[in-house]
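Undergrad: One structure follows; several queries about it will come next.
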Amino acid sequence: MHTPAPSTQSGPDAHPHGLTLRSFLTDGSLAQMCAELGRITETVIEVRDERDRLVSADADGWRIGEEGEGLAPHAREVTVPLIIGHTQIGSLVAGAGGQPLKHFLALISQTAVEWCHGFLELRHAIDELGVLIELSSLLVGTEDNTQMVEEALDSVLRVLDLDAGSVVMLSEDADGIVSEDERDVRLHAARGLSEAWLQNPESLSQDRTFDRLALAGEVVSIEDLLEDDRVRNDAQVRDERVRGFMCAGLVFRGKPIGVIRVYSREPRVFSELDKRLLRSIAQQAAAAVQQARLIRNSRRDREMERQVRLAADVQRRMLPRCLPDDPRVETAAHYQPSFDLGGDFYDLFEVEGKIAIAAGDVVGKGVPAAMLMSLVRTSFRAHAERGLPPHEVLTRVNHDLCRDSMESEFATMWYGLLDPETGVLDWSTAGHEPPLIVREDGRCEELSIGGLVVGINPNATYTAERDRLAPGESLIVYTDGVTDVMSFEAQRFGKDRLRTLVAHLREQGHADSAHEVLGSILRELRQFGGLTVRPDDTTLVVVRRQSNQVARLSEP
1 MHTPAPSTQS
11 GPDAHPHGLT
21 LRSFLTDGSL
31 AQMCAELGRI
41 TETVIEVRDE
51 RDRLVSADAD
61 GWRIGEEGEG
71 LAPHAREVTV
81 PLIIGHTQIG
91 SLVAGAGGQP
101 LKHFLALISQ
111 TAVEWCHGFL
121 ELRHAIDELG
131 VLIELSSLLV
141 GTEDNTQMVE
151 EALDSVLRVL
161 DLDAGSVVML
171 SEDADGIVSE
181 DERDVRLHAA
191 RGLSEAWLQN
201 PESLSQDRTF
211 DRLALAGEVV
221 SIEDLLEDDR
231 VRNDAQVRDE
241 RVRGFMCAGL
251 VFRGKPIGVI
261 RVYSREPRVF
271 SELDKRLLRS
281 IAQQAAAAVQ
291 QARLIRNSRR
301 DREMERQVRL
311 AADVQRRMLP
321 RCLPDDPRVE
331 TAAHYQPSFD
341 LGGDFYDLFE
351 VEGKIAIAAG
361 DVVGKGVPAA
371 MLMSLVRTSF
381 RAHAERGLPP
391 HEVLTRVNHD
401 LCRDSMESEF
411 ATMWYGLLDP
421 ETGVLDWSTA
431 GHEPPLIVRE
441 DGRCEELSIG
451 GLVVGINPNA
461 TYTAERDRLA
471 PGESLIVYTD
481 GVTDVMSFEA
491 QRFGKDRLRT
501 LVAHLREQGH
511 ADSAHEVLGS
521 ILRELRQFGG
531 LTVRPDDTTL
541 VVVRRQSNQV
551 ARLSEP
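Position 177, counted from 1, in the sequence shown is what UniProt numbering calls 177; the numbers after and before it change by one each time, with no gaps.
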């Protein structure tokens with residue numbers, strides 16, 4: 001027996017479309033065997049094809065006889081059919097011989113049929129492998145979902161010798177989120193189906209049963225749609241001239257993506273091999289679609305990261321580029337966002353001979369917090385540079401924020417004006433962490449007067465407070481990212497630990513400059529938190545009134 005050229009068919013248990021006896025037996029071996037058996041038994045034994053024509057061996061392997069050649073039907077005592085699936089592809093006939101010969105021919109027929117079944121399985125496996133190899137190339141060849149599913153659909157129709165089909169996919173929003181509602185599908189590919197069929201809003205089955213089963217992992221196969229009670233509209237099926245039906249879900253790692261549906265014009269029994277092939281192609285197509293989505297999402301994420309880096313650069317430029325240059329006051333500052341973009345800010349600048357000191361912390365993190373921070377900082381600068389008192393500045397910032405932001409957006413702020421000559425510190429707060437003053441004698445005092453956060457109540461007012469920094473004393477302004485640092489033991493750094501730390505700075509000889517105070521606090525935070533992830537932005541500002549009037553300029 002000779003392996004025939006590739007041909008389309010559906011598997012051993014279904015109609016072998018396009019296959020005949022000659023598709024398998026091309027070397028004349030079966031005809032030779034029957035002729036030799038006939039010589040031994042002195043009986044005419046013949047091989048007949050599906051049209052009842054004589055198949056005989058010759059020098060070229062085999063030949064097909066003319067109509068009526070060989071044993072006439074009335075002269076045949078024994079007839080054994082050769083059946084593949086549900087189709088007779090030929091028969092073995094004998095002129096005489098009785099039951100023993102019939103039994104022997106049945107054994108020969110069974111052997112031939114088993115070989116044909118094996119061939120069909122092999123042919124099916126080869127076709128399946130070829131299709132999967134073609135689809136695998138799409139994983140790196142394209143990011144076009146439509147092209148992928150069209151290729152998958154064409155492959156199924158070609159290999160299974162089907163007449164029509166379509167692929168629908170669950171809708172995907174602008175953020176790449178795929179709907180989980182089987183009713184929310186869009187057509188991505190179609191072959192051999194009318195526009196009326198494709199545009200019909202009604203599903204083929206009642207309650208979308210077929211699609212639901214497919215998305216749940218089942219391959220649905222129906223021999224004749226007109227005989228299935230689950231079909232919603234028989235008239236539509238009849239008009240479209242579709243009868244046999246299969247569908248399978250495009251599912252990737254349990255996540256539904258879509259459904260592939262295929263049809264034949266005539267009723268058809270689909271084999272397990274047919275179902276396996278459709279499932280394999282659907283799985284491969286789902287993997288290709290998901291891969292394309294990952295590539296697109298990755299590209300989008302990289303572009304977003306680039307935009308965030310640009311925004312972070314703009315945000316950093318909103319921080320002071322240089323600190324006030326006054327020999328009577330030394331300043332130092334540290335700012336570290338927990339993400340590329342942060343919601344904290346600080347400011348240090350000179351206004352009308354005084355040192356303006358500000359810090360703020362807006363609600364949230366990331367891009368929304370950074371945008372809100374920009375709004376707060378811009379409003380603050382616009383009012384503070386006019387030399388207004390701190391409590392008036394906060395009142396105006398609050399009014400601006402209430403007008404230009406949403407109800408859920410607010411910020412804490414602390415703002416002070418320090419007179420370098422007298423040490424008088426005028427300040428006001430809007431729900432911010434209370435700053436600390438390290439006195440000359442080592443005491444640590446907290447500026448604990450409260451105030452409503454800005455952005456909540458447009459009618460809120462803020463109180464004017466006053467204190468004084470003596471020469472050698474330091475002011476420490478910070479955000480809650482400092483006190484919220486966590487240790488590996490899940491302990492919070494906290495305000496008490498911060499107060500204790502700054503109170504002992506003078507004893508440890510680390511209170512003689514703003515840089516030393518800032519560095520000591522940051523070292524303690526690193527030792528306490530180790531490699532744990534910082535939960536919030538960290539902002540720390542230290543302002544020290546010089547005791548020796550020596551100019552010290554610190555870098556941010």
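Ideal Cβ placement from N, Cα and C applies to all residues, glycine included.
In the DSSP assignment, the alpha helix (DSSP H) including Leu531 goes from what residue to what residue?
TA: By 1-based counting over the sequence shown, the position of residue 531 is 531. Note, Leu531: premise wrong, no alpha helix (DSSP H); not H, not E.
Undergrad: Which parts of the stretch 143-224 are runs of the alpha helix (DSSP H), unbroken and 4 residues or longer, counting only runs that do not cross its ends?
TA: Counting only runs of 4 or more, we get 145-159, 195-199 and 209-215.
Undergrad: Report the rounded CA-to-CA distance for Leu394 versus Ser428, giving the unit in angstroms.
TA: Counted from its first residue, the sequence shown places residue 394 at position 394. Counted from its first residue, the sequence shown places residue 428 at position 428. Each residue's Cα considered, the two are about 8 Å apart.
Undergrad: When burial is assigned at 16 or more other CB atoms within 10 Å of the CB, is Met373 buried or exposed?
TA: Locating residue 373 in the sequence shown gives position 373, counting from the first residue. Met373 is buried by the Cβ-count criterion.
Undergrad: Rounded to the nearest angstrom, how far is the Cβ of Val502 from that of Phe493, given a contact under 8 Å?
TA: Taking the first residue of the sequence shown as position 1, residue 502 is located at position 502. Taking the first residue of the sequence shown as position 1, residue 493 is located at position 493. That belief does not hold up - the Cβ atoms of Val502 and Phe493 are roughly 13 Å apart, past 8 Å.
Undergrad: Could you tell me the boundaries of the beta strand (DSSP E) in which Met413 lies?
TA: For this step, residue 413 is matched to residue 413 along the sequence shown. That run of the beta strand (DSSP E) goes Ala411 to Leu418.
Undergrad: I'd like the list of long-range same chain contacts for Ala75, defined as Cβ closer than 7 Å, with 5 residues on each side in sequence excluded.
TA: Working through the sequence shown from its first residue, we reach residue 75 at position 75. Closer than 7 Å at the Cβ level, and outside the excluded window around Ala75, lie Gly95.
Undergrad: Between Leu162 and Ile260, how many whole angstroms is the CB-CB distance? I'm expecting something under 8 Å.
TA: To locate residue 162, count along the sequence shown from 1; it is residue 162. To locate residue 260, count along the sequence shown from 1; it is residue 260. Not a contact, Cβ separation roughly 11 Å.
Undergrad: DSSP on Met304, reduced to helix/strand/coil?
TA: As a working mapping, residue 304 is identified with position 304 in the sequence shown. It is helical.
Undergrad: Suppose contacts are defined by Cβ-Cβ distances below 8 Å. Is Val376 in contact with Leu401 by that definition?
TA: The count along the sequence shown starts at 1 and reaches residue 376 at position 376. The count along the sequence shown starts at 1 and reaches residue 401 at position 401. Yes. Within cutoff.
Undergrad: Would you mind listing the beta strand (DSSP E) stretches within the stretch 317-399 that are 3+ residues and don't spill past its ends, in chain order?
TA: Listed in chain order, the complete beta strand (DSSP E) runs (minimum 3 residues) inside the stretch 317-399 are 329-336, 344-351 and 354-362.
Undergrad: Mind checking whether Ile355 and Leu447 have CB atoms under 8 Å apart?
TA: Here residue 355 corresponds to residue number 355 of the sequence shown, with the count starting at 1. Here residue 447 corresponds to residue number 447 of the sequence shown, with the count starting at 1. No, Cβ-Cβ distance for Ile355 and Leu447 is not below 8 Å.
Undergrad: Out of Val131, Val185 and Glu218, which has the shortest C-alpha to C-alpha gap to Glu202?
TA: To locate residue 202, count along the sequence shown from 1; it is residue 202. That would be Val185, whose Cα lies nearest to the Cα of Glu202.
Undergrad: Let me know the secondary structure DSSP gives Glu66 once reduced to three states.
TA: Taking the sequence shown and counting its residues from 1, one reaches residue 66 at position 66. Reduced to three states, the DSSP call for Glu66 is coil.
Undergrad: Would you call the CB atoms of Gly28 and Asp58 closer than 8 Å?
TA: One-based indexing of the sequence shown puts residue 28 at position 28. One-based indexing of the sequence shown puts residue 58 at position 58. Against a cut-off of 8 Å, the Cβ pair of Asp58 and Gly28 comes out as a contact.
Undergrad: What residues in its chain sit with their C-beta under 8 Å from that of residue 562, if we drop five residues either side in the sequence?
TA: Only positions 1 to 556 of the chain appear in this structure, which leaves residue 562 out of reach.
Undergrad: Please classify Pro81: does DSSP put it in a helix, a strand, or coil?
TA: Looking up residue 81 in the sequence shown gives position 81. Here Pro81 sits in strand by DSSP.
Undergrad: Under 8 Å between the Cβ atoms of Cys536 and Asp467?
TA: To locate residue 536, count along the sequence shown from 1; it is residue 536. To locate residue 467, count along the sequence shown from 1; it is residue 467. A small correction: the amino acid at residue 536 is Asp; Cys does not occupy that position in the sequence shown. Going by C-beta atoms, Asp536 is not nearer than 8 Å to Asp467.
Undergrad: Work out the CA separation of Gly118 and Asp175 for me, nearest whole Å.
TA: Here residue 175 refers to the residue found at position 175 when the sequence shown is read from its first residue. Here residue 118 refers to the residue found at position 118 when the sequence shown is read from its first residue. Reliability of the predicted coordinates at Asp175 is poor, the pLDDT of 49 falling under 50, and the value obtained from them is presented with this limitation in mind. Cα to Cα, the separation comes out at about 49 Å.
Undergrad: Is Ala333 buried or exposed, if buried means 16 or more other CB atoms sit within 10 Å of its CB?
TA: Taking the sequence shown and counting its residues from 1, one reaches residue 333 at position 333. That one is buried.
Undergrad: Just mark residue 643 as buried or exposed, buried being the case when its beta carbon has 16 or more other beta carbons within 10 Å.
TA: For residue 643 there is no data in the structure shown, the boundaries of the chain being 1 and 556.
Undergrad: Given this structure, state the Cα-to-Cα distance separating Leu505 from Gln290, to the nearest angstrom.
TA: Position 505 of the sequence shown holds residue 505. Position 290 of the sequence shown holds residue 290. Rounded to whole angstroms, Leu505 to Gln290 spans 58 Å at the Cα level.
Undergrad: Which of the three DSSP states is assigned to Pro458 in this structure?
TA: Counted from its first residue, the sequence shown places residue 458 at position 458. If DSSP states are grouped into helix, strand and coil, Pro458 belongs with coil.
Undergrad: Is it buried or exposed for Pro435, if we count other Cβ within 10 angstroms and need 16 for buried?
TA: Here residue 435 refers to the residue found at position 435 when the sequence shown is read from its first residue. Flag for Pro435 reads buried.
Undergrad: Do you know how far the Cα of Val262 is from the Cα of Arg63?
TA: Stepping through the sequence shown from its first residue, residue 63 is reached at position 63. Stepping through the sequence shown from its first residue, residue 262 is reached at position 262. Taking the straight line joining both Cα atoms gives about 38 Å.
Undergrad: Within the same chain, show all residues whose beta-carbon is closer than 6 Å to that of Ile45, passing over the 5 residues directly before and after it, in chain order.
TA: Position 45 of the sequence shown, counted from the start, is the residue given in the question as residue 45. Contacts found: Cys34, Leu37, Gly38 and Ala94.
Undergrad: Measuring alpha carbon to alpha carbon, tell me which residue in Thr378, Glu385 and Arg386 is nearest Asn398.
TA: Counted from its first residue, the sequence shown places residue 398 at position 398. Among Thr378, Glu385 and Arg386, the Cα nearest to that of Asn398 belongs to Thr378.
Undergrad: Can you tell me where the alpha helix (DSSP H) holding Arg39 begins and where it ends?
TA: Locating residue 39 in the sequence shown gives position 39, counting from the first residue. Start and end: Ser29 to Thr41.
Undergrad: For the beta strand (DSSP E) that Asp426 lies in, which residues bound it at each end?
TA: Reading the sequence shown from its first residue, position 426 is the one you call residue 426. Counting along the chain, the beta strand (DSSP E) containing Asp426 begins and ends at Val424 to Ala430.
Undergrad: Answer yes or no: do Ser166 and Leu198 have a C-beta to C-beta separation smaller than 8 Å?
TA: The sequence position of residue 166 within the sequence shown is 166, counting from 1. The sequence position of residue 198 within the sequence shown is 198, counting from 1. Going by C-beta atoms, Ser166 is nearer than 8 Å to Leu198.
Undergrad: Under 8 Å, do Asp228 and Ile222 count as touching if we go by C-beta distance?
TA: Against the sequence shown, residue 228 aligns to sequence position 228. Against the sequence shown, residue 222 aligns to sequence position 222. Against a cut-off of 8 Å, the Cβ pair of Ile222 and Asp228 comes out as a contact.
Undergrad: Is Gly455 closer than 8 Å to Leu463 when the C-beta atoms are compared?
TA: On the sequence shown, residue 463 is found 463 positions in, with the first residue counted as 1. On the sequence shown, residue 455 is found 455 positions in, with the first residue counted as 1. According to the sequence provided, residue 463 is Thr. The question's Leu does not apply to it. Cβ distance not < 8 Å, so Thr463 and Gly455 don't count as in contact.
Undergrad: On the premise that Arg243 lies in contact with Asp274, defined as a C-beta separation below 8 Å, what is that separation, rounded to the nearest angstrom?
TA: Translated into positions along the sequence shown, residue 274 becomes position 274. Translated into positions along the sequence shown, residue 243 becomes position 243. Not quite, the Cβ-Cβ distance comes to about 15 Å (not below 8 Å), so this is no contact.
Undergrad: Got a sec, what are the start and stop residues for the alpha helix (DSSP H) Asp484 sits in?
TA: Position 484 of the sequence shown holds residue 484. Careful: Asp484 lies outside any alpha helix (DSSP H) and carries neither H nor E.
Undergrad: Are the beta-carbon atoms of Arg497 and Glu330 separated by less than 8 Å?
TA: Within the sequence shown, residue 497 is the residue found at index 497, counting from 1. Within the sequence shown, residue 330 is the residue found at index 330, counting from 1. Not in contact: Arg497 and Glu330 (Cβ atoms no closer than 8 Å).
Undergrad: What do you get for Pro73, buried or exposed, if any count of 16 or more other CB atoms within 10 angstroms of its CB means buried?
TA: In the sequence shown, counting from the first residue as 1, residue 73 sits at position 73. By the neighbour-count rule (16 or more Cβ atoms within 10 Å), Pro73 is not buried but exposed.
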